[in-house]
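Visitor: Below you'll find the structure I mean.
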């Protein structure tokens, strides 16, 4: 069973996971093409953040940034190294989709890298039903970025 905790950036394990995420993404993205937010950037009022725990072990995290009342963007999706390659990425994305639906978001989008480092992320988002789209919000065409979107069905 997974436990979700909202806005616990300052938990030492969450903080460490996010810092590792920022360092790796900035290293894998050419200058000007890294769109990862640091912890202060994630703490803005337009963003909701969750960490996910399995049996008191940090499994992963992710954030939802509100672009407008119906459109959200996923940010800082990360699976802890101890859980990588075991299907937990889908659990993180599905949890974020669940939370977005509860918040009445109708469309979710994400920017990810176009390089080889980001192949696992692109496969995950494809598996979760995201499809390529034009740049959204503040993004511009960039050969180093891929933009994806998904429209949510509400019951």
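Numbering (the working numbering), first residue to last: 181 to 335. For glycine and all other residues, C-beta sits at the position ideal for the given N, C-alpha and C.
1) Three or more beta-carbon pairs under 8 angstroms between the stretch 201-217 and the stretch 228-240, yes or no?
2) When DSSP labels each residue in this structure, what does residue 223 get in the three-state scheme?
3) In angstroms with no decimal places, state the Cα-to-Cα distance between residue 276 and residue 243.
4) In whole angstroms, what separates the C-alpha of residue 306 from that of residue 269?
5) Let me know if residue 260 comes out buried or exposed under the rule of 16 or more other beta-carbons within 10 Å of its beta-carbon.
6) Cα-Cα, which of 262, 239, 285, 207 is closest to residue 254?
7) Starting from the Cα of residue 221, find the closest Cα among 193, 301, 245 and give me that residue.
8) Which word fits residue 331, buried or exposed, when buried means at least 16 other C-beta atoms lie within 10 angstroms of its C-beta?
9) Out of 303, 188, 279, point me to the one whose CA is closest to residue 295's CA.
10) Classify residue 128: buried if its beta carbon has 16 or more other beta carbons within 10 angstroms, exposed otherwise.
11) So what's residue 198 in DSSP terms, helix, strand or just coil?
12) Going residue by residue through the stretch 247-309, where are the continuous beta strand (DSSP E) segments of at least 3 residues, counting only ones entirely within it?
13) Quick one: measure Cβ to Cβ for residue 311 and residue 292, integer angstroms, because I've assumed they're closer than 8 angstroms.
14) Out of 324, 288, 334, which has the shortest C-alpha to C-alpha gap to residue 317?
Guide: Taking the coordinates as given:
1) no
2) Walking along the chain shown from the start, residue 223 turns up at place 43. Reduced to three states, the DSSP call for residue 223 is coil.
3) Position 96 of the chain shown, counted from the start, is the residue given in the question as residue 276. Position 63 of the chain shown, counted from the start, is the residue given in the question as residue 243. Approximately 7 angstroms, taken between the alpha carbons.
4) Translated into positions along the chain shown, residue 306 becomes position 126. Translated into positions along the chain shown, residue 269 becomes position 89. So the alpha carbons of these two residues sit roughly 12 angstroms apart.
5) The residue given as residue 260 occupies position 80 in the chain shown. So residue 260 counts as buried.
6) Numbered from 1 along the chain shown, position 74 holds the residue referred to as residue 254. The shortest Cα separation from residue 254 among 262, 239, 285, 207 belongs to 285.
7) Stepping through the chain shown from its first residue, residue 221 is reached at position 41. Ranking 193, 301, 245 by Cα distance to residue 221 puts 245 first.
8) Taking the first residue of the chain shown as 1, we reach residue 331 at position 151. Label assigned to residue 331: exposed.
9) Within the chain shown, the letter at position 115 stands for residue 295. Answer by Cα proximity: 303.
10) Lying before the first or after the last residue shown, residue 128 is absent from the chain, which here runs from 181 to 335.
11) Along the chain shown, one-based indexing puts residue 198 at 18. Looking at residue 198 - three-state DSSP - the assignment turns out to be helix.
12) 251-259, 287-293
13) Position 131 of the chain shown, counted from the first residue, corresponds to residue 311. Position 112 of the chain shown, counted from the first residue, corresponds to residue 292. 13 angstroms between Cβ atoms; not a contact.
14) Counting from 1 along the chain shown, the entry for residue 317 is found at position 137. The residue with the shortest Cα to Cα distance from residue 317 is 288.
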